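Working notes, structure below.
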Amino acid sequence: MSSRATREIDPVPSLRRPPEVLVTDTLPPVADAAALAVPVVAGEPPPSDLHTDTSQLAVLGFSGAPNEVVVLPDPGGRALVALGVGEAPSVDACLVRDLAATFARAVPRHTTLAVELSGTDLPLSPDDFAQAVVEGVLLARWRFFLGAGKDEPRLTRLTLVVPPGLVEQARAGATRGEVTARAAAISRDLSNCPAATLSAERMGQVAEEVAPLAGLEVELFDRQQLEEMGCGGILGVNRGSVDEPRLIKVSYRPDSPTGHLGLVGKGIMYDSGGISLKPSDESHAQMKNDMTGAAAILGAMTALRDLGCTSAVTAYLCCTDNMPSGSAMKLGDVLHMRNGTTVEVLNTDAEGRLVMADGLCLAVEDGVDAVVDVATLTGACLRTFGVDIAGVMGSDPGLVEQVRRAGDVADEPVWELPLHRGYRSQLDSQVADMTNMGGPNAGSITAALFLEEFTDGIPWAHVDIASTAQQPTERTWRNKGASGFGARLLVELATRFESPRTGP
Ligand code: BES
Ligand code: MN
Ligand code: ZN
2 MSSRATREID PVPSLRRPPE VLVTDTLPPV ADAAALAVPV VAGEPPPSDL
52 HTDTSQLAVL GFSGAPNEVV VLPDPGGRAL VALGVGEAPS VDACLVRDLA
102 ATFARAVPRH TTLAVELSGT DLPLSPDDFA QAVVEGVLLA RWRFFLGAGK
152 DEPRLTRLTL VVPPGLVEQA RAGATRGEVT ARAAAISRDL SNCPAATLSA
202 ERMGQVAEEV APLAGLEVEL FDRQQLEEMG CGGILGVNRG SVDEPRLIKV
252 SYRPDSPTGH LGLVGKGIMY DSGGISLKPS DESHAQMKND MTGAAAILGA
302 MTALRDLGCT SAVTAYLCCT DNMPSGSAMK LGDVLHMRNG TTVEVLNTDA
352 EGRLVMADGL CLAVEDGVDA VVDVATLTGA CLRTFGVDIA GVMGSDPGLV
402 EQVRRAGDVA DEPVWELPLH RGYRSQLDSQ VADMTNMGGP NAGSITAALF
452 LEEFTDGIPW AHVDIASTAQ QPTERTWRNK GASGFGARLL VELATRFESP
502 RTGP
């Protein structure tokens with residue numbers, strides 16, 4: 002089966018040698034900071050460290066507008082990177098993250114970077130500033146490359162230089178940034194890892210590997226256990242595969258929790274469509290990323306203890322691939338889901354909702370206050386939103402709002418679609434409680450209506466990341482390829498979670 006070479010691929014290289022992040026009040030020597038970012042506010046003279054003035058910068062076409070960037074040599078041998086900030090009062094954490102990423106990409110061959118926060122009077126606390134800088138730089142310089150590395154050496158050190166009185170505050174923010182960037186990096190690693198390496202079983206091993214580093218508990222359920230548990234959705238999708246499924250339960254349990262959040266992730270390690278085989282087009286070629294929901298959740302869970310999350314979090318990652326074979330699901334087959342609901346399969350490519358159904362049932366059985374699921378669920382979501390924005394729907398407006406706000410903070414934006422229950426009849430079946438196929442239109446909404454059937458009326462929100470899971474270009478902190486979208490959103494959601502049942 003898997004060759005020796007395949008087994009040697011590390012699914013989470015970001016865990017191995019993360020860049021060092023330092024916070025200090027003195028600019029390090031060139032040897033420790035080969036490139037220095039110097040923010041320039043539009044309409045103000047550049048800081049003296051740039052050894053230049055407004056008119057010389059104008060010669061280079063630089064006006065200080067947001068994300069403008071010019072690299073200048075300094076007499077001491079350092080690359081000075083003038084970064085346009087725009088008008089100072091309009092600077093927020095999202096812009097700072099973008100600027101930091103622009104800086105890190107402007108000097109791709111420099112391995113030691115420094116950012117100066119001194120001399121800037123911005124409407125942002127030093128810790129939020131530091132967090133955003135660390136996130137921007139680390140995410141922009143993240144790589145998953147199975148080869149020599151394309152002349153892009155790894156970032157080894159990032160130094161934040163701040164006024165003496167702000168070192169402690171900035172250090173706290175920088176540490177938070179390291180933790181959230183690591184969450185995103187783990188989820189990007191996993192989403193980019195080839196399906197031949199990252200089977201459902203291997204995903205379970207990765208969960209077990211990260212758990213002790215992050216104070217998490219992991220429980221794995223194999224095919225036989227899933228049979229005993231009556232998880233007909235996961236088993237049905239797995240039927241065509243030579244690889245076992247894994248249901249991965251990840252738990253975070255703080256002392257005296259203030260709430261209990263359930264998370265359910267789509268972990269289709271590879272989505273061929275099954276018997277309803279996908280055409281061999283560009284979108285099929287990205288289907289190793291059909292486990293981005295599960296990857297984002299696992300990444301996010303690694304941040305909770307380090308950020309002092311006060312809510313308990315229970316996650317179910319529903320992992321299997323979706324393959325055609327002599328044993329695969331056939332159209333017209335009826336599956337018995339965990340909660341007893343019967344589902345007639347009319348398209349084996351609508352597999353995500355089948356595995357998610359079992360995961361939702363289990364989260365609900367755990368007595369969570371609310372459940373949020375994350376899935377690359379529908380191509381319709383990509384056609385609706387394009388690659389910048391994910392979709393959200395749910396049964397509880399307050400919970401949907403918490404998801405939306407978390408997305409804004411993380412700059413992983415989500416917009417709500419109507420959970421229009423008038424379309425529920427599109428899922429009616431002649432022979433079972435429902436089918437897994439809606440009509441030709443409103444595919445994201447009918448998929449969500451399918452999932453709602455497994456939430457037993459508890460507050461629920463569904464995030465469809467089929468739109469954002471694959472990025473066509475690299476832009477600021479966003480990487481090209483499988484994006485791991487959702488990890489930092491989920492970190493924000495969990496750490497700010499307020500149970501909709503008890504109210505704030
Ligand atoms: N994994 C896909 C959704 C997807 C499509 C994600 C494109 C990213 C890019 C999902 O399993 C799927 O195939 N959905 C079908 C559902 C349909 C058969 C009801 C779809 O959207 O076409
Ligand atoms: Mn599919
Ligand atoms: Zn899928």
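Count the sequence shown with our numbering and you get residues 2 to 505, in order. Beta carbons are placed, not taken as given, at the ideal position from N, Cα and C, and that holds for glycine. Because the structure is a prediction, the values reported are computed rather than measured.
Per DSSP, reduced to three states, the secondary structure at His-261 is strand.
In terms of side-chain proximity, the C-beta atom of Met-435 is found no nearer than 7 Å to any non-hydrogen atom of the ligand BES. Shown here, Ile-187 sits in a helix according to DSSP, grouped into three states. Assigned with DSSP and collapsed to three states, Ile-446 falls in helix. Counting only residues of its own chain and dropping the five nearest sequence neighbours on each side, Leu-428 has a CB closer than 7 Å to the CB of Met-435, Thr-436, Gly-439, Thr-447, Leu-450 and Phe-451. Taking all protein chains shown into account, His-421 has fewer than 16 neighbouring C-beta atoms within 10 Å of its C-beta and is therefore exposed. Looking from the CA of Asp-457, the closest CA among Leu-361, Thr-303, Glu-402 and Phe-486 belongs to Leu-361.
For Phe-386, the three-state secondary structure derived from DSSP is helix. Taking 7 Å as the cut-off, one finds at least one heavy atom of the ligand MN near enough to the beta carbon of Gly-274. With 16 or more other Cβ atoms from the protein chains shown falling within 10 Å of its own Cβ, Lys-267 counts as buried.
Beta-bridge annotation (DSSP): Phe-222 is paired with Leu-248.
Per the coordinates, the alpha-carbon of Ala-488 lies some 10 Å from the alpha-carbon of Leu-494.
Unbroken alpha helix (DSSP H) runs of no fewer than 4 residues, entirely contained in the stretch 47-107, are found at 55-60 and 94-107, following chain order. Look at the stretch 136-186 and you find these whole runs of beta strand (DSSP E), each 3 residues long or longer: 158-162. When the beta-carbon positions are compared, Val-86 and Ala-43 come within less than 8 Å of each other.
Sequence-distant partners of Val-369 (beyond 5 residues in either direction) whose C-beta falls short of 8 Å from its own C-beta, in its chain, are His-261, Leu-262, Gly-263, Thr-315 and Ile-459.
Distance between Gln-170 and Asp-128, taken at the CA atoms: about 5 Å. For Ile-466, the Cβ stays outside the 7 Å cut-off from all heavy atoms of the ligand ZN. A buried status is given to Val-238, since no fewer than 16 other beta-carbon atoms sit within 10 Å of its beta-carbon. The nearest non-hydrogen atom of the ligand ZN is 7 Å or more from the C-beta of Glu-283. Beta-bridge partners assigned by DSSP to Asp-374: Val-265 and His-463. Taking 7 Å as the cut-off, the C-beta of Glu-45 does not count as close to any heavy atom of the ligand ZN. For Thr-321, the enclosing beta strand (DSSP E) stretches over residues 313-323.
Checking the 7 Å criterion, the Cβ of Asn-323 is within range of a heavy atom belonging to the ligand MN. Taking the Cα of Ile-276 as reference, the smallest distance to any Cα among Val-251, Ile-249, Ser-242 and Leu-248 is reached at Ser-242. Judged by pairs of C-beta atoms under 8 Å, the stretch 327-345 does not touch the stretch 204-223, as fewer than three such pairs exist.
Taken from the Cβ of Ala-381, at least one heavy atom of the ligand BES lies inside 7 Å.
Of the heavy atoms belonging to the ligand ZN, at least one sits nearer than 7 Å to the Cβ of Gly-353. Around the Cβ of Val-432, a 10 Å sphere holds fewer than 16 other Cβ atoms; the residue is exposed.
The residues Pro-12, in chain order, have a CB closer than 6 Å to that of Cys-194 in the same chain once the five nearest residues on each side in sequence are set aside.
For Met-302, the enclosing alpha helix (DSSP H) stretches over residues 293-302. Counting along the chain, Met-394 sits inside the beta strand (DSSP E) bounded by residues 391-395.
One thing to note: Val-373 has its Cβ no nearer than 8 Å to the Cβ of Ala-470. According to the DSSP assignment, Glu-202 belongs to no beta strand (DSSP E) but to the alpha helix (DSSP H) extending over 201-215. Its chain contains Gly-274 and Ser-277 as the residues whose beta carbon lies nearer than 6 Å to that of Asp-350, once the 5 sequence neighbours on both sides are disregarded; these appear in chain order. Under the three-state reduction of DSSP output, Val-22 falls in the strand class.
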